[in-house]
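Student: Residue numbers (numbering that gives the first Met the number 0), protein chains in the order written: chain S, 0 to 626; chain F, 0 to 271.
The beta-carbon is built from N, C-alpha and C at its ideal position, and this holds for glycine as well.
These numbers were taken from a predicted model, which means no experiment stands behind them.
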Amino acid sequence: MLAALIALSGVGCSRLSTQAAGKRMIVLGVDGMDPVFVQNHWTELPNLNRLRTEGDFRPLATTVPPQSPVAWSSVSTGMDPGGHGIFDFVHRDPATRGPISSMAEASEPGRTLTIGPYVIPLSGGNVHSRRAGKTFWQILSENHLPSTVIRMPANFPPADCEAESLSGMGTPDLGGSFGTFAFYTDDPAETRTEVSGGRIVRTSLSGGRAALTIQGPANPLRKDHAITSVDLIAHVDPKEPAVRFDLPDRQFILRQGEWSEWLRLQFPFISGLKSASGILRIYLQQVHPYLRVYASPVNIDPEEPALPISTPGVYSRNLAHTLGPYYTQGIAEETSAYRAGLLSKDEFLTQSRKVLADSLRMFRYELDRFQDGLLFYYFSSVDQNAHMLWGRYDSDLLEIYRAVDQAIGEAVQKAGRDTTLLILSDHGFARFDRAVHLNTFLMHEGFLTLDDPSNVGNEELFAHVDWNRTQAYAVGLNAIYLNLQGREAGGIVQQDEREEIAHQIAARLKEFKDPVSGLPVVGQVYFPEKEFRGRNLKYAPDLLVGFHRGFRASWQTALGAVPKLQIEDNTQAWIGDHCMASSEVPGVLFSNRKFRVAWPRLEDVPVTILREFGVAPPREMIGEPVY
Amino acid sequence: MDFFNRAIDAVLKMFFAMFSWAPPVLGLTVISAAAGVGMLWVVGRTSNQNRIKQVKRSVAAALLELRIFADEPAATGRALRSLFGSNLRYMGLALKPALWLAVPMALLLIHLESFYGRAPLTPGREALVTVRMAPGWNPESAPPRLETPAQVRITAPPVRAVDSREVSWRLLPVSEVSDVLVFTVNGTEVRKTIEAGRRQRFVPGRGVRSAVATLWEPGDGRVPSSAVEWIEIGYADASLPVFGLEISWLLWFFVVSIVVALLLKKRLGVVI
Chain S
0 MLAALIALSG VGCSRLSTQA AGKRMIVLGV DGMDPVFVQN HWTELPNLNR
50 LRTEGDFRPL ATTVPPQSPV AWSSVSTGMD PGGHGIFDFV HRDPATRGPI
100 SSMAEASEPG RTLTIGPYVI PLSGGNVHSR RAGKTFWQIL SENHLPSTVI
150 RMPANFPPAD CEAESLSGMG TPDLGGSFGT FAFYTDDPAE TRTEVSGGRI
200 VRTSLSGGRA ALTIQGPANP LRKDHAITSV DLIAHVDPKE PAVRFDLPDR
250 QFILRQGEWS EWLRLQFPFI SGLKSASGIL RIYLQQVHPY LRVYASPVNI
300 DPEEPALPIS TPGVYSRNLA HTLGPYYTQG IAEETSAYRA GLLSKDEFLT
350 QSRKVLADSL RMFRYELDRF QDGLLFYYFS SVDQNAHMLW GRYDSDLLEI
400 YRAVDQAIGE AVQKAGRDTT LLILSDHGFA RFDRAVHLNT FLMHEGFLTL
450 DDPSNVGNEE LFAHVDWNRT QAYAVGLNAI YLNLQGREAG GIVQQDEREE
500 IAHQIAARLK EFKDPVSGLP VVGQVYFPEK EFRGRNLKYA PDLLVGFHRG
550 FRASWQTALG AVPKLQIEDN TQAWIGDHCM ASSEVPGVLF SNRKFRVAWP
600 RLEDVPVTIL REFGVAPPRE MIGEPVY
Chain F
0 MDFFNRAIDA VLKMFFAMFS WAPPVLGLTV ISAAAGVGML WVVGRTSNQN
50 RIKQVKRSVA AALLELRIFA DEPAATGRAL RSLFGSNLRY MGLALKPALW
100 LAVPMALLLI HLESFYGRAP LTPGREALVT VRMAPGWNPE SAPPRLETPA
150 QVRITAPPVR AVDSREVSWR LLPVSEVSDV LVFTVNGTEV RKTIEAGRRQ
200 RFVPGRGVRS AVATLWEPGD GRVPSSAVEW IEIGYADASL PVFGLEISWL
250 LWFFVVSIVV ALLLKKRLGV VI
């Protein structure tokens, strides 16, 4: 009997190996590629057009809500948000109701030894992903099938396995944020010190010299966690529009309007003994009459990563040795400085092209060395540029689409006839014309109360909310939470009132009309317990708001502010978005083979990948194979 | 001083030319081995060999004593004291040859730095050349004029760093070059060698005005203009490829010279 079982198990293994042996699949993730935009530009996108005619093309149903970390987590794990536990870019801490990252969490070392101002960790602190579930490449790896997964969003720190992977969206900069730039100027007209995603530093020139302090990470080895820094000295020529910059180990000159190459900086924790390595780029925007210098967020150095950004750990180093330094920050396109008016549209586009060039260089390297198994590669550029260009600067956006289309053409060529090629996007795009202050809406409808009605404004983190008289609040871009007793600290909504209040809010949202245009604001309101399944449903918001095209939750809503108006014009440079009703912004699915399903959805992708390699998807994966 | 520096460099350049067909490590290995033999010879000629033998014997005796009488504290203490004293005597005896060796070795290493320590510029990659002006420089005045060979482009206007009295140019070597940059400062021409390319070669460091400073900054000779303190091109440090590793040439020099000295000490009858 035992011998028979062993023999049978051998047959099973060899059958799997035979099915998978030599199998090749290329999957390209193009964040934010919109089906309508693509359909309107077939002639300018010849490779996608060829795929459509020779293979197949479908709109791809996205997740609720259609946000990238949510959607790509579904692609990674084959589960809906109830399973993988990512419901928004930001979640809220029920103890404080303050926003927290939905993607990763850092923990301090458990035991430490204090010597003077220094704290020596005796047990490791760590950073872990909040995304639950097993990824498709972990499953491939368990089945001894090779895969390379580059820049998958919400994969920081990268899922532990033998596959080669590089983390993507959600990877912080060296300071631990999603990307904080610095802008140095002696222009007296610039009075701001902080903008969203960046800080503005006043400098003073003395003898033509200014010290620009580049901030690094907080020093984990000091009790006070002092911010580490390196001085970049700017020597401004008295007449010429050029500056010489001095770092401890190198000097370089930039003319006005030029970007530096990647600069490597060491931020000392203990001088000469321990430091963190980071890389950044400098842009000299203006020299006279006032100095204006932009410094990119300090990216984790892929050659000496201070945090885990790849599996195996040496993979990011190998890429850097071959390709030179590259962006490691999860979202590298500098939308924040553009939104703050510190970079012009052309300057943003120049920076964005650098990010794309960086990405294409890595893509071509990986495509060239791809031999066997799975190659997944993610492009962020379409999404980030669409946010800033959608509906107003189509020709600029088309340039980005064309660059990605060219990369797709290279993948088509590499794939030939024997490799399955799948191209998908996580969502499409729509105009973002009107910013909806959801907390103000809740206040008007009597679900949220301020300590004093006159305290409306842009102050974040629910600064003036009276929690004893508040039933619901909004955080993030689609989420509404009830102030639930036993879950929220000091919550007032009883468990038995929960459903009724949630339905009341949903009904009011559906009746909500834009006071200016009279158009309905909300198309759908989702109840997570009806939409999702899985063990992490308990972390879901109580309601998810699906806006009509043109409307989106305001930036103030995302961070817990209660401004005066319920809706106002979006006057920012961020003019396109997708955080709406899922049916409004489907993604795309292309392949060099015909699909058998008419309406594929994101969760089908990992199941398809596993099936292609002859691996049975786990029960938690809810999709169907598309072939 | 210029003549002295040029003479040393000429000898080393001849030697370097003999090994131009081979990877740099080969020539350096030969120089290092020769330096090891030279050091051994100097030690043999300048040290008190008999005293060194005696001291080494007493060190060996003390070590033996420590092993044999490990369980007798008084004997162990005596042996440790003897060991300490013998080591001090040994260091004292090594001082004289060290002093004899210091100057020629320092000169050799300073000159070898130009051959192995600096990497030529990489064609297609920008680098800076900086001129430090003498005190009294007027930063409002026009910067020095710079002429470059055809293979080197100036890609940005000169930047005057007022507080440090420096003027920097950004250069782009477009191809292999071994030529000079010509600066015109107050009517005087000042030349600075520029090297770009893949092949390791003689790459002079900072050119200086002070005669004394040329001792540790040899290469291009003294800067002839009193308006200039020094001129420097931002060469990167070179690394020496050895068995697939990139190491410092200095490390390889000391490893080879010490190994050679240890291997040949008996043959040459030198106690070290």
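1) Using beta-carbon positions only, say whether Val176(F) and Val207(F) come within less than 7 angstroms of one another.
2) Have a look at Val464(S) and Ala473(S) and give me their C-alpha separation to the nearest angstrom.
3) So who's on the other strand from Gln523(S), going by DSSP bridges?
4) Quick one: give me the first and last residue of the beta strand (DSSP E) that Val54(F) is part of.
5) What residues from chain F crowd round Pro237(S), counting only those whose CB sits closer than 7 angstroms?
6) Just checking my contact of Ser73(S) with Leu588(S) at CB under 8 angstroms: how many whole Å lie between their CB atoms?
7) Compile a chain-ordered list of the residues in the region 206 to 240 of chain S whose CB is closer than 7 angstroms to at least one CB of chain F.
8) Tell me the rounded alpha-carbon separation between Ser19(F) and Tyr234(F).
9) Assign Lys413(S) to one of three DSSP states: helix, strand, or coil.
10) Could you pull out every residue in the same chain whose Cβ sits closer than 6 angstroms to the Cβ of Arg468(S), ignoring the five residues on either side in sequence?
11) Does Arg254(S) get closer than 7 angstroms to chain F when you measure Cβ to Cβ?
12) Spell out whether any CB of chain F is found under 7 angstroms from the CB atom of Gln250(S).
13) Using the Cβ count rule (16 or more neighbours within 10 Å means buried), how would you classify Arg130(S)?
14) On the criterion of 16 or more Cβ atoms from any shown chain inside 10 Å, does Leu348(S) qualify as buried, or is it exposed?
15) If I follow the unbroken alpha helix (DSSP H) through Ser358(S), where does it start and stop?
16) Tell me, please, whether the CB atom of Val227(F) is closer than 7 angstroms to any CB atom in chain S?
17) Hey, does Ser167(F) have any beta-carbon neighbour from chain S nearer than 7 angstroms?
18) Give the interface partners of Val242(S) over in chain F, defined as CB-CB distance under 9 angstroms, in chain order.
19) 7 angstroms is my cut-off, CB to CB: does Ala155(F) come that close to chain S?
20) Scan the region 103 to 127 of chain F for residues whose Cβ lies nearer than 7 angstroms to a Cβ of chain S and list them as they occur along the chain.
21) Using the three-state DSSP reduction, which class does Ser424(S) fall into: helix, strand or coil?
22) Between Leu231(S) and the rest of its own chain, which residues show a CB-CB distance below 7 angstroms, the 5 nearest in sequence each way excluded?
23) Measuring alpha carbon to alpha carbon, tell me which residue in Leu542(S), Glu458(S) and Lys509(S) is nearest Arg497(S).
24) For Lys95(F), name the three-state secondary structure that DSSP assigns.
25) Between which two residues does the beta strand (DSSP E) holding Asp382(S) run?
26) Determine which residues share a DSSP beta bridge with Thr310(S) and list them.
27) Exposed or buried, which one is Thr183(F) when buried takes at least 16 other CB atoms within 10 Å?
28) If contact is defined by three or more beta carbon pairs under 8 angstroms, each pair taking one atom from either stretch, is the region 570 to 585 of chain S in contact with the region 504 to 513 of chain S?
29) State yes or no: is the C-beta of Pro98(S) within less than 7 angstroms of the C-beta of Leu558(S)?
30) Between the C-alpha atoms of Glu281(F) and Ser238(F), what's the straight-line distance to the nearest angstrom?
31) How big is the Cα-Cα spacing for Pro119(F) and Ala126(F)?
32) So which residues of chain S does Gly135(F) contact, with C-beta pairs closer than 7 angstroms?
33) Which partner residues of Asp55(S) appear in the DSSP bridge assignment?
34) State the CB to CB distance for the pair Gly31(S) and Ser424(S), rounded to an integer number of angstroms; the pair is presumed to be in contact (CB under 8 angstroms).
35) Give me the Cα-Cα distance between Ala2(S) and Asp357(S), rounded to the nearest whole angstrom.
36) Which residue wins for smallest C-alpha separation from Phe546(S), given the options Val561(S), Lys512(S), Arg532(S) and Met78(S)?
Tutor: By the coordinates alone:
1) no
2) 12 angstroms
3) Gly545(S)
4) Taken as a continuous stretch (DSSP letters only), Val54(F) belongs to no beta strand (DSSP E), being part of the alpha helix (DSSP H) at Gln48 to Ile67.
5) Pro138, Glu139, Arg159 and Val161
6) Wrong, their Cβ atoms sit about 14 angstroms apart, outside the cutoff.
7) Gly206, Gly207, Arg208, His234, Asp236, Pro237 and Glu239
8) 21 angstroms
9) helix
10) Thr448
11) yes
12) yes
13) buried
14) Its Cβ being crowded by 16 or more others within 10 Å, Leu348(S) is buried.
15) Lys344 to Arg368
16) no
17) yes
18) Val158
19) At least one chain S Cβ lies under 7 angstroms of Ala155(F).
20) Per Cβ criterion, the list reads Leu127.
21) coil
22) Leu211, Ile213, Phe244 and Leu246
23) Taking only the C-alpha atoms, the option nearest Arg497(S) is Leu542(S).
24) helix
25) Asp382(S) -> not in any beta strand (DSSP E); alpha helix (DSSP H) instead, spanning Ser380 to Leu388.
26) Secondary-structure assignment with DSSP links Thr310(S) through a beta bridge to Ser164(S).
27) exposed
28) no
29) yes
30) The structure shown does not extend to residue 281(F), since chain F spans only 0 to 271, so no value can be given for it.
31) 11 angstroms
32) Those within 7 angstroms of Gly135(F) in chain S number zero; the least Cβ separation is about 16 angstroms.
33) Ser590(S)
34) 6 angstroms
35) Here Ala2(S) scores only 40 on pLDDT, less than 50, and its place in the model should not be relied on; the value that follows carries that caveat. Their Cα atoms are separated by approximately 55 angstroms.
36) Checking every option, the nearest Cα to that of Phe546(S) belongs to Lys512(S).
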